[in-house]
Amino acid sequence: MSVRKAIYFGAAAGAAVVLLLSLAWGLQHAALASPQLLGRPAPHLAIQMLNGARIDVSKERGRPVVLNFWASWCGPCISELPVLAAGYDRNRQVEFIGAAMRDSYGGVSTFEKDHPHPYPAGLIVEGTYQSYGVVGPPVTVFIDAQGLVAATFSGPLDGPTLDHYLGLITG
1336 MSVRKAIYFG
1346 AAAGAAVVLL
1356 LSLAWGLQHA
1366 ALASPQLLGR
1376 PAPHLAIQML
1386 NGARIDVSKE
1396 RGRPVVLNFW
1406 ASWCGPCISE
1416 LPVLAAGYDR
1426 NRQVEFIGAA
1436 MRDSYGGVST
1446 FEKDHPHPYP
1456 AGLIVEGTYQ
1466 SYGVVGPPVT
1476 VFIDAQGLVA
1486 ATFSGPLDGP
1496 TLDHYLGLIT
1506 G
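Counting in the working numbering, the sequence shown runs without a single skipped number right up to 1506 at its last residue.
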């Protein structure tokens, strides 16, 4: 092999390693989806459940909150629902809240009938998902008992990932 070919091969291999390491880092740090919120008070947000009850996220201070942004038309939201339900069942000291975004009453109603879960969920009636830096669902925001955003996670959660972030807010 000539010196020139060896240099090209080495450069290409080095670039591939850097690319793979960058990709791996990004996958491991998906929780940094909204870094501008970290350590700051959770923005105002209220949801209305189908039964008419209303939940104001900012009034949940004193308890950690897992705020999950979802939509009835979101396939990954359906796949993470059992993980969130199991997390809720194991962590009753944490308030789990589902906030439907870019959705309709009919869509949420059908979703709730087809995919029941133990924690409250409903349509956003005050505040916006954009104030949380959310572009599309699912996104989960982890809020500590002082009302400060501890982490955000974009994409469907799995059990170990949820447990990791629950540890941040239940410490």
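All C-beta atoms, glycine included, are put in the ideal place defined by N, C-alpha and C.
Residue i (DSSP reduced to helix, strand or coil)
i	result
LEU1497	helix
GLY1433	strand
LEU1402	strand
LEU1416	helix
LEU1483	strand
GLY1457	strand
PRO1411	helix
Contacting residues, own chain, Cβ-Cβ under 7 Å from residue i (five flanking each side not counted)
i	result
LEU1503	PHE1477, ALA1485 and ALA1486
Selection from the options that minimises the alpha carbon distance to residue i
i	options	result
PRO1411	PRO1491, PRO1495 and LEU1385	PRO1491
THR1475	GLN1371, ALA1377, ALA1421 and VAL1401	VAL1401
THR1463	ARG1339, ASP1391 and ASN1386	ASP1391
ASP1498	GLY1397, MET1384, VAL1418 and CYS1409	VAL1418
ARG1396	ASN1426, GLY1482 and GLU1447	GLY1482
GLY1433	ARG1425, LEU1501, ASP1479 and ALA1420	ALA1420
SER1407	VAL1338, SER1337, VAL1443 and PRO1495	VAL1443
Residue i classed as buried or exposed, judged by whether at least 16 other C-beta atoms fall within 10 angstroms
i	result
LEU1373	exposed
ILE1388	Note that residue 1388 corresponds to Ala in the displayed sequence, not to Ile. The residue in question, ALA1388, is exposed, as its Cβ has fewer than 16 Cβ neighbours within 10 Å.
ASP1449	exposed
PRO1451	exposed
Beta-carbon contacts of residue i that lie in its chain and below 6 Å, excluding the five residues immediately before and after
i	result
THR1414	One detail in the question is off: residue 1414 reads as Ser in this sequence, not Thr. If we look at SER1414 and ignore the five residues flanking it on each side, its Cβ neighbours are PRO1491.
TYR1454	TYR1423 and PHE1431
Legend entry - Validate contact between the segment 1451 to 1461 and the segment 1378 to 1386 using beta carbons, cut 8 Å, 3 pairs: yes
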